[in-house]
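Student: Numbering (my numbering), first residue to last: 15 to 276.
Using N, Cα and C, we set each Cβ at its ideal position, and we do this for glycine too.
All values reported here derive from a predicted model rather than from experimental measurement.
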């Protein structure tokens, strides 16, 4: 979708709107590389500053501390790879080793992730050696979250941030089934919470901080409208094959689905 065909955002209202099915600009065609890179940087900033990394880090650390070996992680919908790099750095500071793979559907996005990785030094392991997956080409994989190219229970933890809301309800159910199939220990899905105040805040950012970003100023508010409420996400979690699962709120307007695979 070209930016001049961008959807018209509905007005801000106090009543909670129904979940939107309007496609985001980022999910269409005709997005220029420069606009795409800017949008990926904006999403990384949202994860970093508005609870994406923080919501995942606590459960990930507790799982890593329960193991006597490096923990393995798959990030589905990795974008520019900022999330797994931030998690690896945070675990390294705690004396823990994270071996990660970032997967995305888009070849173009993965090329940008590789370029971003070249600008980021790889953190040493606590013993001073480089991690086993030192090369970004080894860490980054093109693949579909609805059909993960991994065996059952082959990765300790699967994380995904700001990806679920891009899917239809049917796709989201299949997505959670796939994550619970491949994860051996834990599934952590972090996404936005649909709320009228959240939408109002995103609209304000669209006219201020994001005003020069032709994608994020539209897709940011639209992402809120495409997201789930806590009750909706808890209901959707039943589609996954979890032994136990809960959906928790994190400030501000962030939801975390935390599931232990069956």
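According to DSSP, is residue 243 helix, strand or coil?
Tutor: Counting from 1 along the chain shown, the entry for residue 243 is found at position 229. Residue 243 falls in the coil class under three-state DSSP.
Student: Under three-state DSSP, which class holds residue 262?
Tutor: Numbered from its first residue, the chain shown carries residue 262 at position 248. Three-state result, residue 262: strand.
Student: Alpha carbon to alpha carbon, how far is residue 156 from residue 209?
Tutor: Numbered from 1 along the chain shown, position 142 holds the residue referred to as residue 156. Numbered from 1 along the chain shown, position 195 holds the residue referred to as residue 209. Each residue's alpha carbon lies about 33 Å from the other.
Student: Provide the residue span of the beta strand (DSSP E) that contains residue 116, from first to last.
Tutor: Start at 1 with the first residue of the chain shown, and residue 116 comes out as number 102. Run containing residue 116: 112-118, per the beta strand (DSSP E) assignment.
Student: In its own chain, which residues sit with a C-beta less than 6 Å from the C-beta of residue 190, not counting the 5 before and 5 after it?
Tutor: Numbered from 1 along the chain shown, position 176 holds the residue referred to as residue 190. If we look at residue 190 and ignore the five residues flanking it on each side, its Cβ neighbours are 253, 254.
Student: What distance in whole Å lies between the Cβ atoms of residue 205 and residue 182, which are believed to be in contact at a cut-off of 8 Å?
Tutor: Working through the chain shown from its first residue, we reach residue 182 at position 168. Working through the chain shown from its first residue, we reach residue 205 at position 191. No, residue 182 and residue 205 are not in contact; Cβ-Cβ is about 14 Å, not under 8 Å.
Student: Which first and last residues belong to the alpha helix (DSSP H) in which residue 65 is found?
Tutor: The count along the chain shown starts at 1 and reaches residue 65 at position 51. Premise fails: residue 65 is in no alpha helix (DSSP H) and is neither H nor E.
Student: Within 10 Å of its beta-carbon, does residue 268 have 16 or more other beta-carbons around it, so buried, or fewer, so exposed?
Tutor: For this step, residue 268 is matched to residue 254 along the chain shown. With 16 or more other Cβ atoms within 10 Å, it is buried.
Student: Please report the distance separating the alpha-carbon of residue 102 from that of residue 199.
Tutor: Counting from 1 along the chain shown, the entry for residue 102 is found at position 88. Counting from 1 along the chain shown, the entry for residue 199 is found at position 185. Cα-Cα distance, rounded: 18 Å.
Student: Please list, in chain order, all residues of the same chain as residue 23 whose beta carbon is under 6 Å from its beta carbon, the five residues on each side excluded.
Tutor: Stepping through the chain shown from its first residue, residue 23 is reached at position 9. The residues are 235.
Student: Here's the rule I'm using: 16 or more other beta-carbon atoms within 10 Å means buried, otherwise exposed. How should residue 249 be labelled?
Tutor: Sequence index remark: in the chain shown, residue 249 carries index 235 (1-based). Result: exposed.
Student: Would residue 95 and residue 130 be called neighbours here (beta carbons separated by less than 8 Å)?
Tutor: As a working mapping, residue 95 is identified with position 81 in the chain shown. As a working mapping, residue 130 is identified with position 116 in the chain shown. It is a contact, given that the beta carbons lie within the stated cut-off.
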